[in-house]
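K.L.:
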Amino acid sequence: MTSHKLTAALATKSISLAIGLVCLSWANIASAAPLPDISGSWKIIGNQSDGVLEIKQAPSPLACKPISGKLFGFSQIVGYYCPATGRLAFIRQDNERPAANQMWVGNLSAVVQGQPNRMGGTFHAVNAGAGSGELGEYNFQGVK
Numbered sequence: 059m060t061s062h063k064l065t066a067a068l069a070t071k072s073i074s075l076a077i078g079l080v081c082l083s084w085a086n087i088a089s090a091a092p093l094p095d096i097s098g099s100w101k102i103i104g105n106q107s108d109g110v111l112e113i114k115q116a117p118s119p120l121a122c123k124p125i126s127g128k129l130f131g132f133s134q135i136v137g138y139y140c141p142a143t144g145r146l147a148f149i150r151q152d153n154e155r156p157a158a159n160q161m162w163v164g165n166l167s168a169v170v171q172g173q174p175n176r177m178g179g180t181f182h183a184v185n186a187g188a189g190s191g192e193l194g195e196y197n198f199q200g201v202k
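If you're matching positions, the sequence shown starts at 59 in my numbering and goes up one per residue.
1. Let's test the definition: count the other Cβ atoms within 10 Å of the Cβ of Gly172 and tell me whether it reaches 16, buried, or not, exposed.
2. Closer than 6 Å by C-beta to Arg176: which residues in its own chain qualify, once you throw out the five before and the five after it? Chain order, please.
3. Check this for me: beta carbons of Val163 and Thr180, under 8 Å apart or not?
4. Nearest CA to the CA of Gly194: which residue from Val110, Gly104, Leu146, Ile96?
5. Determine the DSSP secondary structure at Gly144, reduced to helix, strand or coil.
6. With DSSP collapsed to three states, give me the class of Gly131.
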């Protein structure tokens, strides 16, 4: 076999191996652990404030399910959770003030057996007059 043919044969085998590895990787990604149920009590840290996020998920035929609940025991939340992607979003408002004061957007992580469920993302303080605190974008994380 000439050097040119040997190089071409090795290149073909390398490409075939690379394609096989990519397909194997995609199969592993597709079979990742399921996303957790969002309903329940989450220990949450929003910026520097810690407390509890209570979430109730309503039944729905839609891909993204409506959620509601309480944040820090006194603020109402309403939004959605998409079980297929783990995406969640909700607005927060205090009971005394009807205007929304924060928007929270994040994701749930895939469940690893024996490990707690986790969520994380950002919230945007958008209405200082409604009690949002200093305007801006802040991080949050939660565990259940």
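Positions of the beta carbon are idealized from the N, C-alpha and C atoms, including for glycine.
P.N.:
Considering the structure as presented:
1. exposed
2. Ser167, Val201
3. yes
4. Gly104
5. coil
6. coil
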